[in-house]
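K.L.:
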Amino acid sequence: MRIPILKLGRYLLISVQVELDDQTALQFQEDLLNKIHQEGSLGVVIDLTSVDMIDSFIAKVIGDVVEMSSLMGAKVVLTGIQPAVAITLIDMGVSLQEVQTALDLEQGLERLQQELGG
Amino acid sequence: MSNHSCIEIANEWGIVSARQAGRELSKDIGFGSVDQARITTAISELARNIYLYTEIGKIDLEEISDNHRNGKARGIKVVASDKGPGIENLRDVMVDGFTTSGGLGAGLPGVKRLMDEFDIESIPGEGTTITTIKWLR
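These protein sequence lines are chains W and D, in that order. What the first sequence shows, in this note's numbering, is residues 1 to 118, in sequence order. What the second sequence shows, in this note's numbering, is residues 119 to 255, in sequence order.
(1) What are the complete beta strand (DSSP E) segments, minimum 3 residues, inside the stretch 17-57 of chain W?
(2) Flag D64/W as yes if its beta-carbon sits less than 7 Å from any beta-carbon of chain D, otherwise no.
(3) Can you tell me whether I90/W is buried or exposed, with buried defined as 16 or more other CB within 10 angstroms of its CB?
(4) Who are the near neighbours of D153/D in its chain, counting only those whose CB is closer than 7 Å to its CB and skipping five residues on each side?
(5) With 16 other CB atoms within 10 Å as the buried threshold, where does L103/W fall?
(6) Helix, strand or coil for L232/D, going by three-state DSSP, please let me know.
(7) Answer with buried or exposed for E163/D, where buried requires no fewer than 16 other C-beta atoms within 10 angstroms of its C-beta.
(8) Under 8 Å between beta-carbons, which chain W residues line up against D214/D? List them in chain order, please.
(9) How would you write the range of the alpha helix (DSSP H) that T158/D sits in, first residue to last?
(10) With burial defined as no fewer than 16 other Cβ atoms inside 10 Å of the residue's Cβ, what is the status of S199/D: buried or exposed?
(11) Can you tell me whether DSSP reads L96/W as helix, strand or coil?
(12) Would you call the CB atoms of S135/D and I125/D closer than 7 Å?
(13) Less than 7 Å between the C-beta atoms of G243/D and G204/D, yes or no?
(14) When you check each C-beta in the stretch 13-26 of chain W against every C-beta of chain D, which residues fall closer than 9 Å?
(15) Consider the Cβ of A102/W: report whether some Cβ of chain D lies at a distance smaller than 7 Å.
(16) Does the stretch 53-67 of chain W come close enough to the stretch 157-173 of chain D to have 3 or more Cβ pairs within less than 8 Å?
(17) Could you check whether the Cβ of K60/W sits closer than 7 Å to any Cβ belonging to chain D?
(18) At a CB distance below 8 Å, what residues from the stretch 121-139 of chain D approach chain W? Give them in sequence order.
(19) Under 7 Å between C-beta atoms, does G265/D make it to chain W?
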């Protein structure tokens, strides 16, 4: 299964709508980095509204892809993390401290625009 | 017991099946969305350990009730068992950040925090059984 990555100007938008198995998560990591490279994207919003569970493996994959994107020069904002998912991540002791977040897709895009100066 | 299911973890698809079954059962029992996420995440961690460290294992999910707790406490029991190499250093694996797989090292200590009861039995060379329970409040 592949997670679709949409291009919007210099940004990339991803809405994760599938049950994240390990392979899909790792494939997404690779696809996103390739897409950033190909499109010369400056910013990425990953919307997790439909994701009802993030375990330590998926948290690591997400944390890693944020860091990898940053190495390439693209800023990533995660949006739409559900209350139950946020609570579970903190219970687990998983902290995504370096990761930028916003409430929803709209605010995520605003955040990118502020930081990247439009 | 009325509700019982067993999911074999032979590959990574087993992880997805186990957590889907866990979410359904915890919803049926009446857990709220936060506890559903906790239980599903705990199952995912346990299933991944089986997938990563052993050839094959299984996750048993069961609705339970406890008559000692004010009559009718209900809950979900999750048992992860495998016939893998076992864990030699049980104390180390329960420490946050300890990992042999390059992961976050949040797995087992995380499961312990997500669930109400946690018990691990492991015999090197024979296998590991982890039993966890979450009670409905």
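We put the beta carbon where it would ideally sit given N, CA and C, even for glycine.
P.N.:
With the given structure in hand:
(1) Correct list: 43-47.
(2) No, its Cβ sits nowhere closer than 7 Å to a Cβ of chain D.
(3) Here I90/W is exposed. Its C-beta has fewer than 16 other C-beta atoms within 10 Å.
(4) Excluding residues within five positions, the ones whose Cβ falls inside 7 Å are S144, K252.
(5) That one is exposed.
(6) In this structure, L232/D counts as helix in the three-state DSSP scheme.
(7) With 16 or more other Cβ atoms within 10 Å, it is buried.
(8) Neighbours of D214/D on chain W, chain order: G93.
(9) Here the alpha helix (DSSP H) through T158/D covers 151-171.
(10) By the neighbour-count definition (other C-beta atoms within 10 Å, threshold 16), S199/D is a buried residue.
(11) Here L96/W sits in coil by DSSP.
(12) A contact, by the Cβ cut-off of 7 Å.
(13) In this structure, the beta-carbon distance from G243/D to G204/D falls below 7 Å.
(14) Cβ contacts with chain D come from E19, L20, D21, D22, Q23.
(15) It does not: the Cβ of A102/W has no partner Cβ on chain D nearer than 7 Å.
(16) With the rule of 3 Cβ pairs closer than 8 Å, the stretch 53-67 of chain W counts as touching the stretch 157-173 of chain D.
(17) Chain D contact via Cβ: present.
(18) Answer in chain order: E130, W131, I133, V134, R137, Q138.
(19) With chain D running from 119 to 255 in the structure shown, residue 265/D is simply not present.
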